[in-house]
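Structure below.
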């Protein structure tokens, strides 16, 4: 599903040029659950952003679903994000001004789906996430675990082929963290590919494959299970 | 999608009620001010535009030249210009004259007599040229016969109360006698936006025959209608040659008699000239007001832009998430533009409310009926929509553009810092706001200083404690009756003096004559104002004599004597006052020379926007066509009401059938400044609005910046910074902006103030200390506004701010 070859990414300020990604290559297959690990500043979030087409690499190439998307323009990348990707963040990134229902509904609005169908789909997923009773609440009225469940619901509402999760349990206590991981695993079992950045060895155990990074380089790749 | 935009916009508004209020109120004030100013300005520009022939009608105004130098310019022409232009110059279709020489007459019907100042003699063509609405009568023929009059609806309700006025006979009395006229037409009352406003149009043929085409009396407003393809310049050029045939008398013979054809639509806003009847509009004020409208709008927009950008910090998640979800830039841009539209619509609604509240104030300044006239015009709405569109675009574009182009990767990392990044509020907008406000403050203070200067300047005479009566209707022995009337008054202990004269201070002396020293050549004929007075005028008004003496009964034989003022001295080319005594002067149309017996100091006959007037005094009645018109009573009592009652009683015993009309010297004099004062008031009002909007913006900005820097403040506090140091730290940036604004505005304001002051013949020097004062005012306002917010940020609990994130 994903193939990256010699990806490079630099950040430069006036004084220094920092290498965030240094010739990183790997493949992610359909239905995979990959955990990217490494210390702070090793480039794992940058890698995730590049995979999520939020960031553009400075070198190497990126093949998504058989298409070379390295040189896609902003609009083309936005289309892929809209149709095929779902994002989950450490700090949830829910929109404060919107209710739970509206946050989850948002991607569907921009996909141009009709109101009736939107309502049906959002209700279905909120039920699954056990958030129906909270649907009219604003994000600030929810606990961290609930907020992350809303974020997950939002990430999967468009049935993405790939979910990109950036330390999804980083702001949660361990038991809520486990709940979230169970949810992700369930999604993976239903066929969604997942790439997750994490610090937590515990969370990494849910993955099929672990990629370890240091100073922008991939230093280790280990497949835990084969599908 | 719109519903969704609406929802998120309203929730953002509610989340930041204070900012939303500031934003909407600022925009509303800006819009309300603009609408008011646009209405006012369009009324002023709509004068005389409602006549179908307006584009081809011009007023003939007289210009006198000596060589290339324009020596005199009047808005009127002589009675002879109109017919001569039509006869000798090609391309002139028609003309019509209005005599303004005797606009004040006592009008009577049955037993009612009212002194009116709206009487004119009109050519029969007048109502062909102009489309004033006719209610009764035949437009083309109603002024054909002598002793006929066309009156306005207002007069009908005043004199005829329900009766038909047609065919009735009214009397018109002046000092010269009484005329009876039959009403042959009724016109609707004049629209407010007409520079011509009369209530009685007596047929032109009612004037004495000698006057009807007389070339030496320039008291006829003359309007010509040109053929469509005639260039008014060609008519102007052809006129002096035509005039040569007619200017056969000695007076002004050496001058070139020229004309300017002033387009009808331009008359109202052209510069005021002597013997102009209407209160003219002031183009400078209109431009200034329009400029202020733009300034206030810019300030309000700047607020919106700055607040939106500063506030966007709180919307980064929203923007980032949408981007991550594949929402394209264009969609986000649309969303923010939509929010701008929404804010502007809300502001517009509020603006309408503000205008309604302000209506009673406005009605003191202008006629409301007229004020809302533009609302019926398509053009007004087109302009309004355009301005509103620009408003939405300008306030929405920059924030929408910036916000929609942010990179989602950075947003999610929280790497965007307000302060140095491109989402920092735009300092230049703040400088712009401060600069414009500063400019308005300087402008307002200067105007007030100038008005105060004009009011307090020694006038060279004393207009206080003067009750001025208008002359009675002419009857047999009028002068005799006047004399006994004044004698009776003078015998009273509360009367200091009584004087009869042709004009009083504060008005244009109506008659000018071409005179010269007897020893001078004919080309030295110059125009002087001729002021007929009695022996007491100088004492009554306390005008200083600098040489010789004033008229004195004891000398006897004063009829061939004149007294001149300093300004006249200069015009006669006499070097000093002493030298003038005994010199002989030839007055226009007089064969025997007059001898100068005294010279007075100059005084301000009219407001200080005019220069000193060259005046020649002569005794009342010496020259028949230079009559006296006013009785000035100098009082020594403060019980004005009682005094007026008593005077009226005395008046009625001497003059029957004449209305008793009076005014007071000081208030009459100050009426000249009403326009300036109103302009000043308006400018102040809008300046305050501009300041208010600026302050609102500063306040909001300071609050937002305070919020953004809470962490910095927390760290500094933890490291031991004092509250006062933090307040200074947070306010410092704004002070820098004030300084920059001051330095930019200073030269511009200096230049404009100097230019404006040039409009006044007597003016203050450039008030540099007002510049400093304005700087201090704006600095203080900024400091107060900003430091309040900075203080709040500085006293916040550091632990709290450090724990966040």
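Protein chains in written order, with my numbering: chain V, 1 to 227; chain H, 228 to 1032.
Here a beta-carbon is modelled for each residue, glycine too, at the ideal position from N, C-alpha and C.
Remember, it's a predicted structure, so these values are computed and weren't measured experimentally.
Could one say the Cβ of residue 682 of chain H lies closer than 9 Å to chain V's Cβ atoms, at least one of them?
no
Less than 9 Å between the beta carbons of residue 741 of chain H and residue 815 of chain H, yes or no?
yes
To the nearest angstrom, report how far apart residue 17 of chain V and residue 47 of chain V are at their CA atoms.
17 Å
Does residue 556 of chain H get closer than 9 Å to chain V when you measure Cβ to Cβ?
yes
Against residue 170 of chain V, what residues of chain H qualify as contacts under a CB-to-CB distance less than 7 Å, listed in chain order?
The premise fails here: residue 170 of chain V is roughly 13 Å from chain H at the closest Cβ pair, so nothing lies under 7 Å.
Is residue 228 of chain H close to chain V? Criterion is C-beta to C-beta, closer than 9 Å.
yes
On the three-pair Cβ rule with 8 Å, is the stretch 567–584 of chain H touching the stretch 621–628 of chain H?
yes
Sub-9 Å separation of residue 106 of chain V and residue 152 of chain V beta-carbons:
no
State the Cα-Cα distance for the pair residue 174 of chain V and residue 185 of chain V, rounded to the nearest angstrom.
16 Å
Minimum C-alpha distance to residue 200 of chain V - residue among V:126, V:29 and V:211
V:211
According to DSSP, is residue 646 of chain H helix, strand or coil?
Here residue 646 of chain H scores only 41 on pLDDT, less than 50, and its place in the model is too uncertain to base an answer on.
Own chain residues within Cβ distance below 8 Å of residue 130 of chain V, not counting five before or after:
149
Going by C-alpha distance, which of H:586, H:372 and H:338 is nearest residue 352 of chain H?
H:372
Since residue 107 of chain V meets chain H, which of its residues come closer than 7 Å, beta carbon to beta carbon?
552
Could you give the residue range of the alpha helix (DSSP H) that holds residue 148 of chain V?
144–156
Does the CB of residue 231 of chain V have a neighbour CB from chain H at under 9 Å?
In this structure chain V extends from 1 to 227, so residue 231 of chain V is not present and cannot be described.
Kindly say whether residue 78 of chain V, judged by its beta-carbon, lies nearer than 9 Å to any beta-carbon of chain H.
yes
Along chain V, in chain order, which residues have C-beta atoms closer than 8 Å to that of residue 239 of chain H?
97
If you measure from the beta carbon of residue 978 of chain H to each beta carbon in chain V, is any gap under 9 Å?
no
With distances taken Cα to Cα, identify the nearest neighbour of residue 863 of chain H among H:725, H:947 and H:960.
H:725
Taking just the CA atoms, how far does residue 453 of chain H sit from residue 318 of chain H?
6 Å
Kindly list, in the order they appear in chain V, the residues whose Cβ is closer than 7 Å to that of residue 222 of chain H.
A question about residue 222 of chain H goes unanswered here, because the residues of chain H that appear run from 228 up to 1032.
Residue 827 of chain H beta carbon less than 9 Å from that of residue 765 of chain H
yes
State the Cα-Cα distance for the pair residue 635 of chain H and residue 983 of chain H, rounded to the nearest angstrom.
53 Å
Throw me the rounded Cβ distance for the residue 355 of chain H and residue 321 of chain H pair, which I believe falls under 8 Å.
7 Å
Within the same chain, show all residues whose beta-carbon is closer than 7 Å to that of residue 26 of chain V, passing over the 5 residues directly before and after it, in chain order.
4, 211, 218 and 221
Under 8 Å between beta-carbons, which chain V residues line up against residue 544 of chain H? List them in chain order, please.
93, 94, 95 and 96
Could you confirm whether any beta carbon from chain V is found closer than 9 Å to the beta carbon of residue 566 of chain H?
no
Let's test the definition: count the other Cβ atoms within 10 Å of the Cβ of residue 339 of chain H and tell me whether it reaches 16, buried, or not, exposed.
exposed
Proximal residues of chain V, C-beta to C-beta of residue 242 of chain H below 8 Å:
96 and 97
Have a look at the DSSP bridge pairing and note the partners of residue 489 of chain H.
H:286
So, helix, strand or coil for residue 213 of chain V, using DSSP?
strand
Considering residue 520 of chain H, what are the terminal residues of the alpha helix (DSSP H) in which it resides?
510–538
Can you check which of these residues, V:205, V:195, V:169 and V:93, is closest to residue 161 of chain V by C-alpha distance?
V:195
Taking the DSSP output, what are the residues bridged to residue 724 of chain H?
H:861
Quick test of the definition: if touching needs 3 or more C-beta pairs under 8 Å, does the stretch 871–882 of chain H touch the stretch 776–791 of chain H?
no
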